[in-house]
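Undergrad:
Given below as C-alpha coordinates:
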(Lines of atoms letter the chains of each structure in order from A; the text may use other names.)
(Lines give C-alpha, C1' and ligand atoms only; values in the text may rest on other atoms or scores of the structure.)
Protein backbone atom coordinates (compact mmCIF):
# COMPACT_ATOMS: atom_id res chain seq x y z
CA UNK A 1 0.00 0.00 0.00
CA UNK A 2 2.85 2.37 0.74
CA UNK A 3 4.48 1.84 -2.65
CA UNK A 4 1.25 2.43 -4.58
CA UNK A 5 1.37 6.12 -3.88
CA UNK A 6 5.06 6.48 -4.72
CA UNK A 7 4.62 7.11 -8.49
CA UNK A 8 2.11 9.86 -7.78
CA UNK A 9 4.42 11.43 -5.23
CA UNK A 10 7.29 11.37 -7.71
CA UNK A 11 5.11 13.06 -10.34
CA UNK A 12 4.11 15.81 -7.91
CA UNK A 13 7.62 16.26 -6.52
CA UNK A 14 8.92 18.59 -9.30
CA UNK A 15 5.96 20.91 -8.78
CA UNK A 16 6.51 20.89 -5.01
CA UNK A 17 10.20 21.69 -5.46
CA UNK A 18 9.34 24.53 -7.84
CA UNK A 19 6.77 25.86 -5.36
CA UNK A 20 9.29 25.70 -2.53
CA UNK A 21 11.96 27.43 -4.62
CA UNK A 22 9.77 30.22 -5.94
CA UNK A 23 7.48 30.80 -2.95
CA UNK A 24 8.49 29.29 0.36
CA UNK A 25 12.18 30.12 0.17
CA UNK A 26 11.75 33.81 -0.83
CA UNK A 27 9.19 34.37 1.93
CA UNK A 28 11.39 32.63 4.49
CA UNK A 29 14.48 34.55 3.40
CA UNK A 30 12.53 37.80 3.45
CA UNK A 31 11.39 37.17 7.01
CA UNK A 32 14.96 36.26 8.05
CA UNK A 33 16.28 39.42 6.37
CA UNK A 34 13.65 41.56 8.09
CA UNK A 35 15.18 40.60 11.45
CA UNK A 36 18.55 42.08 10.48
CA UNK A 37 20.03 45.51 9.85
CA UNK A 38 21.65 45.08 6.46
CA UNK A 39 22.95 47.45 3.81
CA UNK A 40 21.58 46.68 0.37
CA UNK A 41 25.02 46.70 -1.29
CA UNK A 42 27.27 45.16 1.35
CA UNK A 43 27.20 41.69 2.94
CA UNK A 44 27.60 42.89 6.52
CA UNK A 45 24.50 42.47 8.66
CA UNK A 46 23.51 42.53 12.30
CA UNK A 47 20.64 40.77 14.02
CA UNK A 48 18.17 43.31 15.43
CA UNK A 49 15.15 41.12 16.15
CA UNK A 50 11.88 42.98 15.80
CA UNK A 51 13.47 46.46 15.75
CA UNK A 52 12.61 46.97 12.07
CA UNK A 53 8.94 46.22 12.74
CA UNK A 54 8.91 48.49 15.79
CA UNK A 55 10.40 51.26 13.69
CA UNK A 56 7.71 50.80 11.04
CA UNK A 57 5.00 50.99 13.71
CA UNK A 58 6.20 54.49 14.57
CA UNK A 59 7.07 55.51 11.01
CA UNK A 60 4.65 58.11 9.53
CA UNK A 61 5.83 57.25 5.99
CA UNK A 62 4.79 53.64 6.47
CA UNK A 63 1.28 54.54 7.61
CA UNK A 64 0.91 57.09 4.82
CA UNK A 65 1.94 54.49 2.25
CA UNK A 66 -0.61 52.08 3.73
CA UNK A 67 -3.35 54.71 3.51
CA UNK A 68 -2.47 55.57 -0.08
CA UNK A 69 -2.24 51.89 -1.01
CA UNK A 70 -5.69 51.19 0.40
CA UNK A 71 -7.21 54.15 -1.44
CA UNK A 72 -5.60 53.03 -4.68
CA UNK A 73 -6.46 49.33 -4.41
CA UNK A 74 -10.04 49.71 -3.15
CA UNK A 75 -10.89 52.37 -5.75
CA UNK A 76 -9.43 50.44 -8.67
CA UNK A 77 -11.01 47.14 -7.61
CA UNK A 78 -14.46 48.69 -7.24
CA UNK A 79 -14.28 50.48 -10.60
CA UNK A 80 -12.86 47.41 -12.35
CA UNK A 81 -15.76 45.34 -11.05
CA UNK A 82 -18.40 47.86 -12.06
CA UNK A 83 -16.94 48.48 -15.50
CA UNK A 84 -16.04 44.83 -16.10
CA UNK A 85 -19.48 43.47 -15.15
CA UNK A 86 -21.28 46.17 -17.14
CA UNK A 87 -19.13 45.53 -20.23
CA UNK A 88 -19.59 41.76 -19.88
CA UNK A 89 -23.38 42.14 -19.73
CA UNK A 90 -23.28 44.33 -22.83
CA UNK A 91 -20.99 42.03 -24.80
CA UNK A 92 -23.13 39.04 -23.83
CA UNK A 93 -25.93 40.47 -25.95
CA UNK A 94 -26.21 39.77 -29.66
CA UNK A 95 -25.41 42.69 -31.98
CA UNK A 96 -23.58 43.28 -35.24
CA UNK A 97 -19.79 43.24 -34.84
CA UNK A 98 -19.88 41.71 -31.37
CA UNK A 99 -16.82 39.53 -31.95
CA UNK A 100 -14.79 42.49 -33.17
CA UNK A 101 -15.77 44.55 -30.13
CA UNK A 102 -14.87 41.64 -27.84
CA UNK A 103 -11.41 41.54 -29.38
CA UNK A 104 -10.88 45.29 -29.16
CA UNK A 105 -11.94 45.52 -25.53
CA UNK A 106 -9.15 43.11 -24.58
CA UNK A 107 -6.50 45.42 -26.04
CA UNK A 108 -5.69 47.27 -22.76
CA UNK A 109 -5.02 44.02 -20.92
CA UNK A 110 -2.71 42.66 -23.62
CA UNK A 111 -0.32 45.58 -24.00
CA UNK A 112 2.70 45.90 -21.66
CA UNK A 113 2.29 48.14 -18.64
CA UNK A 114 5.09 50.47 -19.72
CA UNK A 115 3.34 51.04 -23.06
CA UNK A 116 0.02 51.73 -21.34
CA UNK A 117 1.59 54.25 -18.97
CA UNK A 118 3.46 56.06 -21.78
CA UNK A 119 0.25 56.19 -23.82
CA UNK A 120 -1.73 57.74 -20.97
CA UNK A 121 1.07 60.12 -20.06
CA UNK A 122 0.85 61.57 -23.55
CA UNK A 123 -2.95 61.69 -23.45
CA UNK A 124 -2.96 63.39 -20.02
CA UNK A 125 -0.16 65.83 -20.80
CA UNK A 126 -1.18 69.28 -19.56
CA UNK A 127 0.16 71.09 -22.65
CA UNK A 128 -0.73 68.97 -25.67
CA UNK A 129 -2.61 65.98 -24.28
CA UNK A 130 -5.78 64.78 -25.97
CA UNK A 131 -7.77 64.72 -22.70
CA UNK A 132 -7.10 68.37 -21.89
CA UNK A 133 -7.76 69.37 -25.49
CA UNK A 134 -11.17 67.71 -25.33
CA UNK A 135 -12.06 69.19 -21.94
CA UNK A 136 -11.14 72.71 -23.00
CA UNK A 137 -12.80 72.38 -26.43
CA UNK A 138 -16.07 71.20 -24.88
CA UNK A 139 -15.99 73.96 -22.28
CA UNK A 140 -15.82 71.52 -19.38
CA UNK A 141 -12.59 73.09 -18.18
CA UNK A 142 -11.45 76.67 -18.72
CA UNK A 143 -7.75 75.72 -18.71
CA UNK A 144 -5.64 72.57 -19.05
CA UNK A 145 -5.51 70.36 -15.96
CA UNK A 146 -2.21 69.24 -14.49
CA UNK A 147 -3.08 65.55 -14.23
CA UNK A 148 0.30 64.74 -12.68
CA UNK A 149 0.16 67.37 -9.97
CA UNK A 150 -0.74 66.86 -6.34
CA UNK A 151 -4.50 67.22 -6.81
CA UNK A 152 -5.00 64.82 -9.72
CA UNK A 153 -2.13 62.31 -9.68
CA UNK A 154 -4.14 59.69 -7.75
CA UNK A 155 -7.10 60.07 -10.10
CA UNK A 156 -4.76 59.65 -13.08
CA UNK A 157 -3.22 56.53 -11.57
CA UNK A 158 -6.64 55.01 -10.87
CA UNK A 159 -7.80 55.85 -14.40
CA UNK A 160 -4.83 54.12 -16.01
CA UNK A 161 -5.10 51.06 -13.75
CA UNK A 162 -8.85 50.63 -14.29
CA UNK A 163 -8.49 51.03 -18.06
CA UNK A 164 -5.72 48.46 -18.24
CA UNK A 165 -7.09 45.76 -15.92
CA UNK A 166 -10.89 45.82 -16.17
CA UNK A 167 -10.75 43.36 -19.14
CA UNK A 168 -9.69 40.66 -16.66
CA UNK A 169 -13.00 41.06 -14.84
CA UNK A 170 -14.82 41.23 -18.16
CA UNK A 171 -13.33 37.93 -19.35
CA UNK A 172 -14.13 36.10 -16.13
CA UNK A 173 -17.71 37.38 -15.93
CA UNK A 174 -18.42 36.95 -19.65
CA UNK A 175 -17.23 33.33 -19.54
CA UNK A 176 -19.62 32.61 -16.66
CA UNK A 177 -22.53 34.43 -18.31
CA UNK A 178 -22.29 32.13 -21.31
CA UNK A 179 -22.82 29.07 -19.10
CA UNK A 180 -25.93 30.28 -17.25
CA UNK A 181 -28.92 28.17 -18.35
CA UNK A 182 -31.45 30.20 -20.34
CA UNK A 183 -34.23 28.28 -18.59
CA UNK A 184 -33.58 30.33 -15.45
CA UNK A 185 -34.32 33.56 -17.31
CA UNK A 186 -37.37 32.04 -18.99
CA UNK A 187 -38.75 30.99 -15.62
CA UNK A 188 -38.08 34.46 -14.20
CA UNK A 189 -39.96 36.08 -17.11
CA UNK A 190 -42.91 33.77 -16.54
CA UNK A 191 -42.95 34.89 -12.90
CA UNK A 192 -43.09 38.51 -14.07
CA UNK A 193 -39.50 39.49 -13.28
CA UNK A 194 -38.20 42.52 -15.15
CA UNK A 195 -34.62 43.15 -16.32
CA UNK A 196 -33.48 44.48 -12.94
CA UNK A 197 -35.10 41.61 -11.02
CA UNK A 198 -33.58 39.04 -13.39
CA UNK A 199 -30.15 40.57 -12.86
CA UNK A 200 -30.50 40.65 -9.06
CA UNK A 201 -32.11 37.25 -8.52
CA UNK A 202 -30.72 35.22 -11.43
CA UNK A 203 -27.52 36.73 -12.83
CA UNK A 204 -25.82 37.86 -9.62
CA UNK A 205 -26.29 34.54 -7.76
CA UNK A 206 -24.88 32.71 -10.77
CA UNK A 207 -21.89 35.07 -10.87
CA UNK A 208 -21.17 34.75 -7.14
CA UNK A 209 -18.41 32.14 -7.44
CA UNK A 210 -16.66 34.02 -10.25
CA UNK A 211 -16.89 37.35 -8.46
CA UNK A 212 -15.58 35.73 -5.28
CA UNK A 213 -12.35 34.62 -6.96
CA UNK A 214 -12.08 37.76 -9.10
CA UNK A 215 -12.29 40.10 -6.13
CA UNK A 216 -9.72 38.04 -4.24
CA UNK A 217 -7.23 38.01 -7.13
CA UNK A 218 -7.69 41.67 -8.04
CA UNK A 219 -7.28 42.66 -4.36
CA UNK A 220 -3.95 40.84 -4.13
CA UNK A 221 -2.69 42.14 -7.46
CA UNK A 222 -3.72 45.77 -7.00
CA UNK A 223 -2.48 46.05 -3.40
CA UNK A 224 0.95 44.75 -4.50
CA UNK A 225 1.01 46.65 -7.80
CA UNK A 226 4.37 48.27 -8.37
CA UNK A 227 5.13 48.87 -12.04
CA UNK A 228 2.16 51.08 -12.91
CA UNK A 229 2.60 53.22 -9.79
CA UNK A 230 6.35 53.52 -10.24
CA UNK A 231 6.14 54.46 -13.93
CA UNK A 232 3.41 57.03 -13.30
CA UNK A 233 5.49 58.86 -10.68
CA UNK A 234 8.64 59.32 -12.75
CA UNK A 235 9.12 62.99 -13.53
CA UNK A 236 5.63 63.98 -12.37
CA UNK A 237 6.69 65.92 -9.30
CA UNK A 238 4.02 64.37 -7.06
CA UNK A 239 5.62 61.03 -6.29
CA UNK A 240 4.89 61.01 -2.57
CA UNK A 241 1.15 61.41 -3.13
CA UNK A 242 0.90 57.94 -4.71
CA UNK A 243 3.68 56.20 -2.79
CA UNK A 244 2.04 52.86 -2.07
CA UNK A 245 3.56 50.14 0.12
CA UNK A 246 5.36 48.29 -2.72
CA UNK A 247 6.97 51.57 -3.79
CA UNK A 248 7.86 52.36 -0.18
CA UNK A 249 9.49 48.93 0.21
CA UNK A 250 11.48 49.55 -2.97
CA UNK A 251 12.63 52.97 -1.79
CA UNK A 252 13.68 51.58 1.58
CA UNK A 253 15.73 48.90 -0.13
CA UNK A 254 17.29 50.72 -3.10
CA UNK A 255 17.15 54.43 -2.18
CA UNK A 256 17.80 54.28 1.55
CA UNK A 257 19.87 51.06 1.14
CA UNK A 258 18.08 49.45 4.09
CA UNK A 259 17.50 45.89 2.88
CA UNK A 260 16.28 44.72 6.28
CA UNK A 261 13.74 47.51 6.54
CA UNK A 262 12.54 46.93 2.99
CA UNK A 263 12.10 43.24 3.76
CA UNK A 264 10.12 44.15 6.88
CA UNK A 265 7.72 46.23 4.78
CA UNK A 266 7.33 43.33 2.34
CA UNK A 267 6.64 40.86 5.15
CA UNK A 268 4.03 43.18 6.65
CA UNK A 269 2.34 43.35 3.24
CA UNK A 270 2.43 39.56 2.98
CA UNK A 271 0.90 39.08 6.45
CA UNK A 272 -1.79 41.68 5.72
CA UNK A 273 -2.77 39.90 2.51
CA UNK A 274 -2.84 36.51 4.23
CA UNK A 275 -5.04 37.92 7.00
CA UNK A 276 -7.33 39.67 4.51
CA UNK A 277 -7.66 36.54 2.35
CA UNK A 278 -8.39 34.35 5.38
CA UNK A 279 -11.04 36.82 6.60
CA UNK A 280 -12.52 37.00 3.11
CA UNK A 281 -12.83 33.21 2.89
CA UNK A 282 -14.31 33.07 6.40
CA UNK A 283 -16.97 35.70 5.71
CA UNK A 284 -17.94 34.40 2.25
CA UNK A 285 -17.52 30.67 2.64
CA UNK A 286 -20.99 29.74 1.42
CA UNK A 287 -21.37 26.60 -0.65
CA UNK A 288 -22.30 28.55 -3.77
CA UNK A 289 -19.04 30.52 -3.52
CA UNK A 290 -16.74 27.58 -2.88
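In full-length UniProt numbering, the protein residues as written are 1 to 290. Don't be surprised by glycine CBs; every beta carbon is placed ideally from N, CA and C. This structure is a prediction, so every number in the text was calculated from the model and none was measured.
1. Using CA atoms only, rank isn't needed, just tell me which of 223, 209, 222, 221 is closest to residue 281.
2. Give me, in chain order, the residues of the same chain whose beta-carbon lies closer than 7 Å to that of residue 289; leave out the 5 immediate sequence neighbours on both sides.
3. Residue range of the alpha helix (DSSP H) that residue 47 falls in?
4. Could you compute how far the alpha carbon of residue 283 sits from the alpha carbon of residue 260?
5. For the candidate residues 54, 18, 162, whose alpha-carbon lies nearest to that of residue 264?
6. Report yes if the CB atom of residue 30 is closer than 8 Å to the CB atom of residue 277, and no otherwise.
7. Are the region 48–66 and the region 189–203 in contact at 8 Å, needing three or more beta carbon pairs?
8. Can you give the Cα-Cα distance for residue 132 and residue 152, rounded to whole angstroms?
9. For residue 44, count the other beta carbons within 10 Å of its own beta carbon; 16 or more makes it buried, fewer makes it exposed. Which is it?
10. Where does residue 121 fall in DSSP's three states?
11. On the criterion of 16 or more Cβ atoms from any shown chain inside 10 Å, does residue 39 qualify as buried, or is it exposed?
12. Please give me, in chain order, every unbroken run of the alpha helix (DSSP H) with length at least 4 that falls completely inside the region 51–112.
13. Rounded to the nearest angstrom, what separates residue 183 and residue 189 at their Cα positions?
14. To the nearest angstrom, how far is the alpha carbon of residue 262 from that of residue 180?
15. For residue 41, which option in 108, 257, 140 has the closest C-alpha, if you only look at C-alpha atoms?
16. By how many angstroms is the C-alpha of residue 162 removed from the C-alpha of residue 79?
17. Kindly indicate which three-state DSSP category residue 193 falls into: helix, strand or coil?
18. Comparing alpha-carbon positions, which option in 84, 62, 33, 6 lies nearest residue 248?
19. Report the option in 197, 229, 20 whose CA atom is closest to the CA atom of residue 159.
20. Could you check the C-alpha separation between residue 135 and residue 116 for me, to the nearest Å?
21. Following the continuous beta strand (DSSP E) through residue 277, name the residue where it begins and the one where it ends.
22. In its own chain, which residues sit with a C-beta less than 7 Å from the C-beta of residue 73, not counting the 5 before and 5 after it?
23. Going by Cα to Cα distance, which pick from 197, 272, 125 is closest to residue 156?
24. Could you tell me if residue 287 is buried or exposed, where buried requires 16 or more neighbouring beta carbons within 10 angstroms of its beta carbon?
25. Can you grab the Cα-Cα spacing for the pair residue 64 / residue 48, in whole Å?
26. Along the chain, where does the beta strand (DSSP E) containing residue 37 start, and where does it finish?
27. Among 245, 119, 185, 174, which residue has its Cα nearest to the Cα of residue 81?
TA: In short:
1. 209
2. With a pLDDT of 44 at residue 289, under the threshold of 50, the modelled position of this residue cannot be trusted, and the question is left open.
3. Premise fails: residue 47 lies in the beta strand (DSSP E), 45–47, not in any alpha helix (DSSP H).
4. 34 Å
5. Closest option to residue 264, Cα to Cα, is 54.
6. With respect to the 8 Å criterion, residue 30 and residue 277 are not classified as neighbours on the basis of their beta carbons.
7. no
8. 13 Å
9. So residue 44 ends up on the exposed side.
10. helix
11. Classification for residue 39: exposed.
12. 51–57, 60–91, 98–105, 107–110
13. When rounded, the distance between both Cα atoms is 10 Å.
14. 47 Å
15. Ranking 108, 257, 140 by Cα distance to residue 41 puts 257 first.
16. Rounded to the nearest angstrom, the two C-alpha atoms are 7 Å apart.
17. coil
18. If we check each option's Cα against that of residue 248, 62 comes out closest.
19. 229
20. Cα-Cα distance, rounded: 21 Å.
21. Residue 277 -> not in any beta strand (DSSP E); alpha helix (DSSP H) instead, spanning 259–283.
22. For residue 73, where only same-chain residues beyond five positions count, the Cβ hits under 7 Å are 219, 222, 223.
23. 125
24. No answer about residue 287 holds up, because its pLDDT of 45 lies below 50 and its placement is not dependable.
25. 24 Å
26. Element bounds for residue 37: 36–38.
27. It is 174 whose Cα lies nearest to the Cα of residue 81.
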